[in-house]
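Asker: Quick one: the structure is below, and I'll ask about it shortly.
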Amino acid sequence: MKKKYAAAGLALIGAILLFAVFSFLRENWAASGTPGGVERWIARWVLFRNRGTATDTVNPLPQNAETLAAGRVIYEKHCAFCHGADGKGPGPNGMKFYPPVPSLAPITEPLTDGQTFSIIELGIRYTAMPGFGEALPDEDIWKVSRYLQSLSTQSLSIGDAGPPISH
Ligand code: HEC
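Going by numbering that gives the first Met the number 0, the first residue of the sequence shown is number 0, and it counts up by one from there.
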């Protein structure tokens, strides 16, 4: 009797696995559509899990006009393409990503200095967010972090950091 239940259980698990694999393969892989609730939930979870790499490191650069101006140049060169000149989302080119580009202005949930640094340095796997650890020296990552902070809080007016980007 026990053996029968075990066999039925195994068959059920097998059927569920088959169904899962089949659904996965039939998945719409387009980055332009909006996927279902479960996938959206997982994508959000991945985004927030990234914040788990927090360090206590504090940005060594002061938040002054000079740092912001330098950070802005880096942002416009490397980040505006995806995050938009104002940090509010997809850039002016209309590209679609999934997981989507989150708003940095304001940011959904504030990041510590260390979290911001590690996200920019390492990137976020399985998303379009690249790691800039090789492309940018640490100092530039700190500069652009300061700029992101000002975009998010608008504590310093954008005007302090130079003329706006032109397209
Ligand atoms: C090719 C597109 C692309 C470029 C270029 C890019 N990003 Fe991102 N970025 C993304 C995407 C997509 C995400 C969301 C990833 C996710 O859902 O986990 C993201 C996430 C982030 C986050 C985390 C936001 C949050 O709410 O947790 C920060 C901070 C960030 N980017 C900063 C930058 C900075 C600074 C630059 C430039 C040095 C940059 N990004 C360049 C696509 C890009």
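We put the beta carbon where it would ideally sit given N, CA and C, even for glycine.
Rounded to whole angstroms, what is the Cα-Cα separation between G93 and I106?
Answerer: Each residue's Cα considered, the two are about 20 Å apart.
Asker: Please go through the same chain and pick out, in chain order, the residues whose beta-carbon is closer than 6 Å to the beta-carbon of G88, but skip the five residues on each side of it.
Answerer: The residues are V100 and S102.
Asker: Out of curiosity, what's the CA-to-CA distance linking H166 and A42?
Answerer: At H166 the pLDDT is 41, less than 50, meaning the model places this residue with poor confidence; the figure from the coordinates comes in the next sentence. Computed Cα separation, rounded: 31 Å.
Asker: If the criterion is Cβ atoms closer than 8 Å, does the pair A104 and G90 meet it?
Answerer: Against a cut-off of 8 Å, the Cβ pair of G90 and A104 comes out as no contact.
Asker: Any idea if P163 is buried or exposed, counting beta-carbon neighbours within 10 angstroms, 16 or more meaning buried?
Answerer: Because P163 sits at a pLDDT of 47, beneath the cut-off of 50, its placement in the model cannot be relied upon, and the following sentence gives the value as read from the coordinates. Flag for P163 reads exposed.
Asker: Taking the continuous alpha helix (DSSP H) assigned at E138, which residues delimit it?
Answerer: Element bounds for E138: D137 to T152.
Asker: Give the secondary structure of L60 by DSSP, where H, G and I count as helix, E and B as strand, and everything else as coil.
Answerer: Coil.
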